[in-house]
Amino acid sequence: MVKVEIVEEKDVHDAHTSPYASPSSSRTSSTESLSSVSSELSADETLYDRLTALVDIVPPTTRHNIASRASKTASFIKKTGKVVGNVVWIVTTSALLIGLPLALSLEDEAKIVAQEKEFMAQQQGAQQASPPSPFHSSLSAK
Numbered sequence: 064m065v066k067v068e069i070v071e072e073k074d075v076h077d078a079h080t081s082p083y084a085s086p087s088s089s090r091t092s093s094t095e096s097l098s099s100v101s102s103e104l105s106a107d108e109t110l111y112d113r114l115t116a117l118v119d120i121v122p123p124t125t126r127h128n129i130a131s132r133a134s135k136t137a138s139f140i141k142k143t144g145k146v147v148g149n150v151v152w153i154v155t156t157s158a159l160l161i162g163l164p165l166a167l168s169l170e171d172e173a174k175i176v177a178q179e180k181e182f183m184a185q186q187q188g189a190q191q192a193s194p195p196s197p198f199h200s201s202l203s204a205k
């Protein structure tokens, strides 16, 4: 715990000439303690108001550094977004111009292969269903 002690000035004449001096009665007659002072936000004060009040606290060089970094970051994000958008556009259009026709031709070729297999299966079924020819049986007997 901190103990506060009021130190009386030795020279009364020096106390009145100092710009920082206050009358003795004002130092000791405070009726409000520090714990009773409210540090709550007032109802009409917004967060924006509190942030704008920080302008007085933060030195101008620091404010300039913060503003320049924020502006550099924003321009970097903007440029990166533009490049990423262009890359996505190139990939998408390439896929549509090259990939779609290729996929359609592969699908057509798969249909043709399936039709050929079906035709071969029909031919084999027709050969098995037809009676053996006499010429074929005479060749196999020899």
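In terms of my numbering, the sequence shown opens at residue 64 and continues consecutively. Quick reminder that beta carbons are idealized off the backbone N, C-alpha and C, glycines included. Since this is a predicted model, take the numbers as computed values, not measurements.
> What are the start and end residues of the alpha helix (DSSP H) that includes A173?
Replying inline: 163 to 192
>> If I follow the unbroken alpha helix (DSSP H) through A116, where does it start and stop?
In response: 110 to 116
>> Cutting at 8 Å between CB atoms, please list the residues of its own chain near L159, excluding the five before and the five after it.
In response: Result list for L159: empty, nothing under 8 Å.
> Who are the Cβ neighbours of V100 in its own chain at under 8 Å, not counting the five residues just before and after it?
Replying inline: Unreliable placement is indicated for V100, whose pLDDT of 47 sits below 50; the coordinate value is still reported in the next sentence. There are no such residues.
> What's the C-alpha gap between R113 and A137?
Replying inline: 24 Å
> Per DSSP, what kind of secondary structure is K66 in: helix, strand or coil?
Replying inline: coil
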